[in-house]
Amino acid sequence: MVTSRDDFSIAIRSAFLKKGVKQKFSLLALIIASIILLSLEAINSKSLNFVRSAVKDVVYRTSFVASMPSNSITFVFTKVQNYFEVYEQYEITKSKLQQLENQKNQINYLKIENDKLKKVIDDTDIYNYESITTKVLVDKKSPFLKSVILNKGFNSGLKKGMPVLEGPYFVGRITEVNYLSSRALLINDLNSKISVLIEPMGYRAIMSGNGEKLALLEFLPKNHQLEVGSLVYTSGTDGIFFPGIPIGRVELIEKKFHIKFFSDLSQLYFVNVITSKPTESEQ
Amino acid sequence: MVLFRKKFVNRFFGLIPLFILFFLVCSETDFNFERLSFLSFNLIYIVIFYWVLKNPDILGYGFIFLAGIINDVVIGLPIGISSITYLVLAGFAAYVRYLTVEPSLIYDWIVFVPSIAVTNSVYYYILRIFFDIEVNYITLALNAGVTILLYPIIGILFNFLSKIIIAQKNV
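Those protein sequence lines, which keep their order, are chains G and C.
In terms of the numbering used here, the first sequence opens at residue 1 and continues consecutively.
In terms of the numbering used here, the second sequence opens at residue 284 and continues consecutively.
Quick look at the structure:
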């Protein structure tokens, strides 16, 4: 028994303290170094932030270069797949175009009416904002964290908390800014909670990411009569995002209301970061 | 010239595990499938466990530490967390190596199960307790399960590579 306990302690000591023939560091020394690095995460000093930012910029660029071969293969594969679906897509597009033509006439009338009403209530034009177009450098599909790395940082005026859009649709917000790059947390991330407005009912709720393709709708009003297909926008009540950015549609899955995003969050190549609040509409 | 070629070929095969490790942490290529999330697995864990167990001189602890840091930066986790989890896994592998007299893939596979369980628990608790980052533990458990299931298959492939490395050394 004593021998087996000795064997155990010898093996532990050998595994964690011995360097081995070609090893320069022992396991224990490196585990301690990792713990020190983790502790440094809690310290927020200017010099440390500068080092962190520089390291991240270098790693992101390296990661972008390292991902190039696999991204090229995926790109070619998608292209080939698209060619095979051209005719099918053409038929769908033709019928959609017809529908859009009909809707366009209705929208023109509503737009004129909307502009008149806006002037009456002295509202801001929610679609009149400044934005920066950025390229998605790296989109590492972690099963736990949903985020993308963008190729612009605080040298381009990006700040933490700025909304990120793909076309007109809301996809996330900036959570980390370096000199040449930044990270956007996507709305389907488990840690993403955003206040939303559901139209046409006007309900307010919290959109909670769950790491999947859909987000969960939480804290809906009591006795609500939410309908599938309702549109979801940012509410702006959190004071972080301005209201009216479209997010997705309501869907009912397993008796729970979810949001199906307008954007495919796994296919982000270029995104817009909104750098200003909406400006006053012209009177 | 012949000596140089031999040295180069020997060194090339010896660097393959290191290349795989750094390629996996640096690039977007991984085995986390969005559409088939239940089939996602962590090849990095297999690479580290297998090579530290089989031949620690091929995959140095310093490189494992560095790979962890790069992984944290790319994924967006607090810097140091992946290094700790990778080194804990390497610690398990090193411990088993010191205890094992006659290595076999089946025995390694059995030991891989508690190693992964402890490693993922360390990962989960550090993120939850110290950084308040939500992690879906079901996804984590599924990922660990698939990783465990695939260990023997990838282990056979690595056995093949290991034999080539040894053969090249003995040439």
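A virtual CB, placed ideally from N, CA and C, is assigned to each residue, including glycine.
Backbone secondary structure at residue i - three-state DSSP
i	result
G/P221	coil
G/S39	helix
G/S131	strand
G/P246	strand
G/K193	strand
C/S366	helix
G/S53	helix
G/P163	strand
G/S72	helix
G/L137	strand
G/T237	coil
C/V326	Here residue 326 of chain C is Leu; the residue named in the question, Val, does not match the sequence. Looking at C/L326 - three-state DSSP - the assignment turns out to be helix.
C/F414	coil
C/G438	helix
G/K119	helix
G/I187	coil
C/S404	helix
G/Y83	helix
G/E176	strand
G/V271	strand
C/V384	coil
G/F25	coil
G/V228	coil
Test: residue i CB closer than 7 Å to a CB of chain C
i	result
G/L38	yes
G/T62	yes
G/M1	Because the pLDDT of G/M1 is 41, which lies under 50, any placement of that residue in the model is unreliable, and the number read from its coordinates should be weighed accordingly. Chain C, which has no Cβ nearer than 7 Å to the Cβ of G/M1, makes this no.
G/F16	yes
G/I32	no
G/S47	no
G/E41	yes
G/K160	no
G/L27	yes
G/K79	no
G/S70	yes
G/L118	A quick correction: the sequence has Lys, not Leu, at residue 118 of chain G. No, because no Cβ of chain C sits closer than 7 Å to the Cβ of G/K118.
G/S95	no
Chain G within 7 Å of residue i, Cβ atoms only
i	result
C/T348	Sequence check: residue 348 of chain C is Phe here, not Thr. Yes, C/F348 counts as interfacial toward chain G.
C/Y390	no
C/V384	no
C/N453	no
C/A400	no
C/R294	no
C/I370	Checking the sequence shown, residue 370 of chain C turns out to be Leu, not Ile. With 7 Å as the cut-off, C/L370 counts as an interface residue toward chain G.
C/Y328	no
C/Y408	no
C/A229	A query on residue 229 of chain C cannot be resolved here, the shown segment of chain C reaching from 284 to 454 and no further.
C/I367	yes
C/G363	yes
C/G374	yes
C/Y378	yes
C/Y333	no
C/S445	no
C/S404	no
Whole-Å CB distance - residue i paired with residue j, under 8 Å assumed
i	j	result
G/L145	C/G438	No, G/L145 and C/G438 are not in contact; Cβ-Cβ is about 29 Å, not under 8 Å.
G/N151	G/K135	5 Å
C/Y328	C/L372	6 Å
Contact test: residue i Cβ vs the ligand ATP heavy atom, cutoff 6 Å
i	result
G/Q81	No copy of the ligand ATP appears in this structure; indeed no ligand is present at all.
Any chain D beta carbon closer than 7 Å to residue i
i	result
G/V59	The chain labelled as chain D is not found among the protein chains of the depicted structure, namely G and C.
Practice prompt. Check distances from the C-beta atoms of the region 248-263 of chain G to those of chain C and list, in chain order, the residues that come in under 9 Å.
Written response: none
Worksheet item: What are the residues of the region 187-212 of chain G that lie near chain C, defined by any Cβ-Cβ distance shorter than 7 Å?
Response: L190, N191, G211
Discussion item. Under 8 Å, with one C-beta from each stretch per pair, do the region 46-60 of chain G and the region 394-411 of chain C reach the 3-pair mark?
Written reply: no
Discussion item. Please identify, using Cβ separations under 8 Å, the residues of the region 418-441 of chain C that lie next to chain G, in order along the chain.
Written reply: V418, N419, T422, L423, N426
Worksheet item: Between the region 180-192 of chain G and the region 412-424 of chain C, do three or more beta carbon pairs fall short of 8 Å?
Response: yes
Worksheet entry | Cβ contact (3+ pairs, closer than 8 Å) linking the region 168-176 of chain G and the region 251-263 of chain G | yes
Fill in: Contact list for the region 163-180 of chain G against chain C, Cβ threshold 9 Å
T175, E176
Item to complete: Spell out a yes or no on whether the region 329-342 of chain C and the region 33-47 of chain G are touching, meaning 3 or more CB-CB pairs, one atom from each, closer than 8 Å.
Response: no
Fill in: Contact list for the region 335-360 of chain C against chain G, Cβ threshold 8 Å
P339, D340, G343, Y344, G345, I347, F348, G351, I352, I353, V356, V357, I358, G359, L360
Worksheet item: Any contact of the region 398-406 of chain C with the region 441-448 of chain C, i.e. 3+ C-beta pairs under 8 Å?
Response: no
Worksheet entry | Cβ pair count under 8 Å reaching 3, the region 147-165 of chain G against the region 205-212 of chain G | no
Discussion item. I'd like to know if the region 220-238 of chain G and the region 249-261 of chain G are in contact, where contact means that at least 3 CB-CB pairs between them fall below 8 Å.
Written reply: yes
Worksheet item: Would the region 364-371 of chain C and the region 402-413 of chain C be scored as touching if the rule is three or more Cβ pairs under 8 Å?
Response: yes
Practice prompt. Examine the Cβ distances between the region 65-79 of chain G and the region 373-393 of chain C and report whether three or more of them are shorter than 8 Å.
Written response: no
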